[in-house]
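Residue numbers (our numbering): 85 to 264.
This is how it looks when you write it as structure tokens:
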């Protein structure tokens, strides 16, 4: 177990910053946590490649199914909570979660993306900004953080959220494309 802040090489002004909840298992759903992808991604080093495209983990596969490959390739990826947890990350100590949230918000401001895709509610809660439902969706929302448009999509791998994500993704994808 370890931590991962970025899922791709970070850079200034990317078209999209994708922010999930926390690192899960980079080696597959039921793989041991000491596998090679986990060791590489959770080492604390900045990744050299976009893990959404290259590691074959479930989250990356779902992103590729919901959004076009070029958009994912050009994105910077990260999580609001940087510690690995395969379940119940929201049960981690509050100080740990809050520290990660504060760092994530600073990194979003520093990278200045054209848009943010929030996959899961923890980022929107940490931003503490007004949130508005998106028309023609079940759960998608839109917000703004320091002048950056933020689009919320239900987490695409959650047992209770993936169906909403699949339904809402085309609307969110089109909205992201309009601001790029």
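Ideal Cβ placement from N, Cα and C applies to all residues, glycine included.
query: Between residue 163 and residue 88, how many whole angstroms is the CB-CB distance? I'm expecting something under 8 Å.; result: 7 Å
query: Which residue spans inside the region 114–138 form an unbroken alpha helix (DSSP H) run of at least 4?; result: 120–125, 135–138
query: CB-CB under 8 Å to residue 246, same chain, minus the five flanking residues each way: which ones, in chain order?; result: 146, 238, 239, 240
query: Please classify residue 225 as buried or exposed, where buried requires at least 16 other C-beta atoms within 10 Å of its C-beta.; result: buried
query: Use the C-beta contact count for residue 192: other C-beta atoms within 10 angstroms, 16 or more gives buried, fewer gives exposed.; result: buried
query: Which of the three DSSP states, helix, strand or coil, is assigned to residue 206?; result: helix
query: According to DSSP, is residue 270 part of a helix, a strand, or is it coil?; result: The structure shown has nothing for residue 270, since the chain only spans 85 to 264.
query: Am I right that residue 116 and residue 160 are in contact with their C-beta atoms under 8 Å? What's the rounded C-beta distance?; result: Residue 116 to residue 160, Cβ: 29 Å. No contact.
query: Could you tell me the distance, in whole angstroms, from the CA atom of residue 259 to the CA atom of residue 176?; result: 33 Å
query: Is residue 102 near residue 200, with beta carbons less than 9 Å apart?; result: yes
query: Please name the residue, chosen from 187, 244, 138, that lies closest to residue 207 on a Cα-to-Cα basis.; result: 187
query: So what does DSSP say about residue 211, is it helix, strand or coil?; result: helix
query: In whole angstroms, what is the alpha-carbon distance linking residue 93 and residue 125?; result: 12 Å
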